[in-house]
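In our numbering, the protein residues as written are 19 to 231.
Virtual Cβ for every residue (Gly too), placed ideally from N, Cα, C.
It should be emphasised that the depicted structure is a prediction, and the values quoted were computed from it without experimental measurement.
What follows is a set of notes on a single structure, which appears directly below.
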């Protein structure tokens with residue numbers, strides 16, 4: 019049984035439910051990253067979490083819904099805090115210069131990619147062959163597009179974007195270069211360290227997005 023589930027046996031019903039939910043999410047993250055979306059089974063996830071398969075279905079209803087919760091947890095952590103409510107987002111918003119704001123954003127958001135890129139890529143791959151998974155993937159892409167668009171607008175309010183870029187095209191560039199696929203490929207296929215990726219992004223993205231002074 020997951021240690022955190024065992025530790026709350028004497029707690030309230032809500033404590034037990036939250037601990038069970040967290041244990042299932044941790045187990046699902048492990049199984050999805052090991053076996054892929056279609057290869058991971060609810061039975062395997064339940065066994066790893068130390069609960070019955072019926073408990074997994076009762077908590078999350080479907081495997082795509084469970085995958086969505088896994089990604090939310092990877093992005094926002096165990097105590098859900100959206101990026102817009104973090105200290106680094108506030109620091110980015112308060113920065114006077116666009117290049118400083120962009121660097122704050124990269125360094126603040128990079129740990130989210132470290133946690134979520136692998137499972138996000140698994141979701142993206144599964145979306146090609148399953149309509150329900152594709153809908154789940156699109157929900158998360160829409161959220162990412164909205165957040166990145168907000169970042170680009172913040173940058174544009176502090177200084178001009180590179181000539182020829184609109185908010186939408188700059189958002190497309192930011193989402194592609196600073197995206198799960200790029201992060202995962204660099205760290206997994208090319209064995210870059212997290213710090214190498216962050217350093218490169220801090221160097222490359224200002225040149226791609228912002229008007230040089």
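Query raised in the report: What's the C-alpha gap between residue 149 and residue 194?
Result: Spanning the alpha carbons of residue 149 and residue 194 requires a straight line of approximately 23 angstroms.
**Report entry** Exposed unless 16 or more other CB atoms sit within 10 angstroms - verdict on residue 80
**Finding:** exposed
Query raised in the report: residue 219 and residue 173: beta carbons closer than 8 angstroms?
Result: no
Query raised in the report: Leaving out the 5 sequence neighbours to the left and right, which residues in its chain are closer than 6 angstroms to residue 93 when beta-carbon positions are compared?
Result: 130, 134
Query raised in the report: Are residue 58 and residue 101 close, meaning C-beta to C-beta below 8 angstroms?
Result: Taking C-beta atoms as the reference points, residue 58 and residue 101 fail to come closer than 8 angstroms.
Query raised in the report: Thinking C-alpha only, which one of 178, 125, 161, 152 is nearest residue 115?
Result: 178
Query raised in the report: Based on Cα-Cα distance, which residue from 95, 38, 85, 147 lies nearest to residue 70?
Result: Considering only alpha carbons, the answer is 38.
Query - At least three beta-carbon pairs within less than 8 angstroms, the segment 207–221 to the segment 156–163 - result: The way I'd put it, the segment 207–221 doesn't touch the segment 156–163; fewer than three beta-carbon pairs between them come closer than 8 angstroms.
Query raised in the report: Is there contact between the segment 108–127 and the segment 136–144, where contact requires at least three CB pairs shorter than 8 angstroms?
Result: No, the segment 108–127 does not touch the segment 136–144.
Report task. Taking only the alpha-carbon atoms, compute the straight-line gap between residue 67 and residue 74 and give it to the nearest angstrom. Result -> 9 angstroms
Query - residue 44 versus residue 50 - alpha carbon distance - result: 10 angstroms
Report task. Report the residue from 213, 125, 224 whose alpha carbon sits nearest the alpha carbon of residue 181. Result -> 224
Query raised in the report: In chain order, which beta strand (DSSP E) runs of at least 3 residues are fully inside the segment 157–196?
Result: Counting whole runs of 3 or more residues, the segment 157–196 contains no beta strand (DSSP E) stretch at all.
Requested in this report: Please report how far the alpha carbon of residue 84 lies from the alpha carbon of residue 128, in whole angstroms.
Outcome: Rounded to whole angstroms, residue 84 to residue 128 spans 24 angstroms at the Cα level.
Query raised in the report: Relative to the C-alpha of residue 35, which residue among 61, 78, 63, 55 is closest?
Result: 78
Query - Pick from 176, 47, 72 that is closest to residue 95, judged by C-alpha positions - result: 47
Query raised in the report: Do the CB positions of residue 89 and residue 137 come within less than 8 angstroms of each other?
Result: yes
Requested in this report: Please work out which residues of its chain come closer than 8 angstroms, Cβ to Cβ, to residue 184, disregarding the five sequence neighbours upstream and downstream, and give them in chain order.
Outcome: none
**Report entry** For residue 107 and residue 72, the rounded distance between their alpha carbons
**Finding:** Taking the straight line joining both Cα atoms gives about 39 angstroms.
Requested in this report: Provide the residue span of the alpha helix (DSSP H) that contains residue 137, from first to last.
Outcome: 116–145
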